[in-house]
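Positions -16 to 364 (my numbering) are the ones given, in order, by the sequence shown. Each remark here refers to the structure printed beneath this line.
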Amino acid sequence: MKEIKLTYPPAGPNVFKRMLDEVPKGIPGEIFKVIDKRGALFGYAFFNPKSSIVFRIFSREIEEEFDIKKFLSSKISAAISLRKNLNLPSADTDVYRLIHDYGDGLPGITADVYGKTIVVEFYSIGFYCLMEEIKSVLAEQFPGFKVFFRASDYTMKMEGFDLPSFKADKIKVKENGIIFEVDPCDGYKTGFFCDQRDNRAYLAFLSKNKSVIDICSYTGGFSVYAKKFGADSVTAVDLDPQAVEGAKRNANLNSVRIDAVCSDAFIYMRQMMDLKRQFDIVVLDPSKVITSRENKEEGIIKYKDMNKLALHLVKPGGIFLTCSCSGMLSWDEFSEILRYSSSVARRRTQIFKKSGAGGDHPFMVNYREGEYLKAIWSRVF
């Protein structure tokens, strides 16, 4: 096995090109031993000279005889154990995050369970090269389950691999007793946002007899919860026509009615402002706005613009839930965005809760970006 010596190994899993004096030779996806400045074994990493992340340190186990199948089995077993402790799955919830990247010691891979189906998403060529080994471990732990593998076009381009698409039927799952339809083939990410489960449940608690607008609603997670738990009216807004149709189907599956609108969020919010429409509860949950350090400032400006518009739609004394899933944005930066947007919109904003992803999305304390989902709940006057 080849070796790479790192004078200053990173706190997290990623070793970028800028951290190296020279990129060594090797095969994309190859496993390297990582050696520290003292010459001691530090761990093991996937190598990819085509990516900006040249090495992903996936193990800090100091074993000279490293067995990748044993390693995968150990990490996936530990992940399963955590979910069982969190009562996942349960009688009323069969959709959850099984493997959460670096938080479960497997940087570059996630896996979500949808009933009797597991959808794995690759972010690293290293785990892509171990597809058969991962499939074997999952088959041992989840006999009879279907396993599918996905990767975004962006990931495949950046990491340098090609994963053929697959065909699968839509899946009906339960989350806190609410039924959702998941598309494991063409849905965003693996098909559903399991990370917002706790926040959806809390919104349901607040929604009775309220008017709700769910901006960037995807397939209507927040919308269906709100209506199911007694909201007077719910409007779901998303730019993706397939997502809007999915929101309608999810409402029908739960015998509730929502107004699902296909529109650009900025345009729709301005239209509501022109009509002087306001709502008791406004949810703003956009997809990832900051995708790299290079577009962070641009992303912050976009967050400010979105939050400013959304604040105008909140009735005096109403509730505003604003979310960010950009790992590169810190809690302090997100709070500052809300402060700035409130000032520009001339609204007084009282924060009463901050929250994130559920416990099935663990993160390591030495990797701040792992705490990617941020939700701020406030009253607006």
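From the three backbone atoms N, C-alpha and C, an ideal C-beta is built for every residue, glycine too. These numbers were taken from a predicted model, which means no experiment stands behind them.
Tell whether a beta-carbon distance below 7 Å holds between Arg43 and Pro90. For the purposes of this step, residue 43 is taken as residue 60 along the sequence shown, with counting starting at 1. For the purposes of this step, residue 90 is taken as residue 107 along the sequence shown, with counting starting at 1. Not a contact, by the Cβ cut-off of 7 Å.
So for Glu44, helix, strand or coil by DSSP? Indexing the sequence shown from 1 puts residue 44 at position 61. Three-state result, Glu44: coil.
Could you check if Lys67 is buried or exposed, using at least 16 other CB atoms within 10 Å of its CB as the buried criterion? Stepping through the sequence shown from its first residue, residue 67 is reached at position 84. Lys67 is exposed by the Cβ-count criterion.
In whole angstroms, what is the alpha-carbon distance linking Gln333 and Trp314? In the sequence shown, counting from the first residue as 1, residue 333 sits at position 350. In the sequence shown, counting from the first residue as 1, residue 314 sits at position 331. Distance between the alpha carbons of Gln333 and Trp314 is about 16 Å.
For Pro269, which residues in the same chain have their Cβ closer than 6 Å to its Cβ, ignoring the five residues on either side in sequence? Residue mapping note: residue 269 aligns to position 286 of the sequence shown, counting from 1. So the list reads Cys199, once near-sequence residues are dropped.
Quick check on the burial criterion: 16 or more other C-beta atoms within 10 angstroms. Buried or exposed for Pro126? One-based indexing of the sequence shown puts residue 126 at position 143. Label assigned to Pro126: exposed.
Considering just the uninterrupted stretch of the alpha helix (DSSP H) at Val207, what are its terminal residues? What you label residue 207 is simply residue 224 of the sequence shown in a count that begins at 1. Counting along the chain, the alpha helix (DSSP H) containing Val207 begins and ends at Gly204 to Lys211.
Take every Cβ of the segment 187 to 205, pair it with every Cβ of the segment 112 to 123, and state whether three or more of those distances are shorter than 8 Å. no
Report buried or exposed for Gln254, applying the criterion of at least 16 other Cβ atoms within 10 angstroms of its Cβ. Your numbering for residue 254 matches position 271 in the sequence shown. Exposed, because fewer than 16 other Cβ atoms sit within 10 Å of the Cβ of Gln254.
Would you give the residue range spanned by the alpha helix (DSSP H) that Gly229 belongs to? Here residue 229 corresponds to residue number 246 of the sequence shown, with the count starting at 1. Counting along the chain, the alpha helix (DSSP H) containing Gly229 begins and ends at Pro224 to Leu236.
Per the DSSP calculation, His83 is bridged to which residue(s)? Counting from one through the sequence shown, the residue named residue 83 turns up at place 100. BP columns for His83 point to Thr93.
Buried or exposed (CB count within 10 angstroms, at least 16 for buried), Pro147: Working through the sequence shown from its first residue, we reach residue 147 at position 164. It counts as exposed.
Contact the segment 94 to 111 vs the segment 166 to 179: 3+ CB pairs below 8 Å: Contact holds: three or more Cβ-Cβ distances are below 8 Å.
Out of Ala151, Leu321, Lys8 and Pro(-4), point me to the one whose CA is closest to Asn349's CA. In the sequence shown, residue 349 corresponds to position 366, counting from 1. Measuring from the Cα of Asn349, the nearest candidate turns out to be Pro(-4).
Rounded Cβ spacing between Thr138 and Tyr171 (contact assumed at less than 8 Å): On the sequence shown, position 155 is the one that residue 138 refers to. On the sequence shown, position 188 is the one that residue 171 refers to. Contact flag wrong, Cβ pair sits at about 13 Å.
Are the beta-carbon atoms of Val297 and Val266 separated by less than 7 Å? Position 314 of the sequence shown, counted from the start, is the residue given in the question as residue 297. Position 283 of the sequence shown, counted from the start, is the residue given in the question as residue 266. No, the Cβ-Cβ distance between Val297 and Val266 is not below 7 Å.
The ligand SAH and Lys(-12): does the residue's C-beta get closer than 6 Å to at least one heavy atom of that ligand? Although the ligand SAH was asked about, the structure shown includes no ligands whatsoever.
Could you work out which residue in Asp136, Asn159, Thr93 and Lys140 is closest to Val130 when comparing CA atoms only? As a position in the sequence shown, residue 130 is number 147, starting the count at 1. For Val130, the nearest C-alpha among the options comes from Thr93.
Tell me which residue opens and which closes the alpha helix (DSSP H) that Gln124 is part of. By one-based count along the sequence shown, residue 124 stands at place 141. Unbroken alpha helix (DSSP H) run through Gln124: Met114 to Gln124.
I need the straight-line Cα distance from Arg80 to Glu104, nearest angstrom please. Counted from its first residue, the sequence shown places residue 80 at position 97. Counted from its first residue, the sequence shown places residue 104 at position 121. One C-alpha to the other measures close to 11 Å.
Going by DSSP in three states, Ser318 sits in which element: helix, strand or coil? Counting from 1 along the sequence shown, the entry for residue 318 is found at position 335. Reduced to three states, the DSSP call for Ser318 is helix.
Distance check for Val363 and Phe54, CA to CA, integer angstroms please. Counting from 1 along the sequence shown, the entry for residue 54 is found at position 71. Counting from 1 along the sequence shown, the entry for residue 363 is found at position 380. When the Cα atoms are used, Phe54 and Val363 turn out to be separated by approximately 50 Å.
Would you identify the three-state DSSP class for Ser148, choosing helix, strand or coil? Walking along the sequence shown from the start, residue 148 turns up at place 165. Looking at Ser148 - three-state DSSP - the assignment turns out to be coil, as it is neither helix nor strand.
Rounded to whole angstroms, what's the CA-CA distance from Ile117 to Phe41? Just pull it up for me. Counting from 1 along the sequence shown, the entry for residue 117 is found at position 134. Counting from 1 along the sequence shown, the entry for residue 41 is found at position 58. About 14 Å.
Cβ neighbour criterion (16 or more within 10 Å) applied to Thr218: Along the sequence shown, read from residue 1 onward, the residue named residue 218 stands at position 235. Thr218 is classed as buried because its beta carbon has at least 16 other beta carbons within 10 Å across all chains shown.
Decide if Arg133 is buried, meaning its Cβ has at least 16 other Cβ atoms within 10 Å, or exposed. For this step, residue 133 is matched to residue 150 along the sequence shown. Answer is buried; the Cβ neighbour count reaches 16.
Do you know how far the Cα of Leu294 is from the Cα of Ser361? Numbered from 1 along the sequence shown, position 378 holds the residue referred to as residue 361. Numbered from 1 along the sequence shown, position 311 holds the residue referred to as residue 294. Taking the straight line from one Cα to the other gives about 10 Å.
C-alpha distance - Asp169 paired with Gln261, whole-angstrom precision: As a position in the sequence shown, residue 169 is number 186, starting the count at 1. As a position in the sequence shown, residue 261 is number 278, starting the count at 1. C-alpha separation (whole angstroms): 34 Å.
Nearest-angstrom Cα distance between Asp152 and Val102? In the sequence shown, residue 152 corresponds to position 169, counting from 1. In the sequence shown, residue 102 corresponds to position 119, counting from 1. C-alpha separation (whole angstroms): 13 Å.
Along the chain, where does the beta strand (DSSP E) containing Tyr111 start, and where does it finish? The residue you call residue 111 lines up with position 128 of the sequence shown. Here Tyr111 belongs to no beta strand (DSSP E); instead the alpha helix (DSSP H) covers Ile108 to Tyr111.
Cross-strand partners of Val17 (DSSP beta bridge): Locating residue 17 in the sequence shown gives position 34, where the first residue counts as 1. DSSP lists Ile(-13) and Gly26 as partners of Val17.
On the DSSP letters alone, give me the boundaries of the alpha helix (DSSP H) that Thr218 sits inside. Taking the first residue of the sequence shown as position 1, residue 218 is located at position 235. Careful: Thr218 lies outside any alpha helix (DSSP H), inside the beta strand (DSSP E) at Ser216 to Asp221.
Kindly give me the distance between the Cβ atoms of Pro(-8) and Asp19, rounded to whole angstroms, as I take these residues to be in contact under 8 Å. Counting from one through the sequence shown, the residue named residue -8 turns up at place 9. Counting from one through the sequence shown, the residue named residue 19 turns up at place 36. Indeed, because the Cβ distance is near 6 Å, the residues count as touching under 8 Å.
If you check the beta carbons only, do Ile108 and Glu142 fall under 7 Å apart? Locating residue 108 in the sequence shown gives position 125, where the first residue counts as 1. Locating residue 142 in the sequence shown gives position 159, where the first residue counts as 1. Cβ atoms of Ile108 and Glu142: closer than 7 Å.
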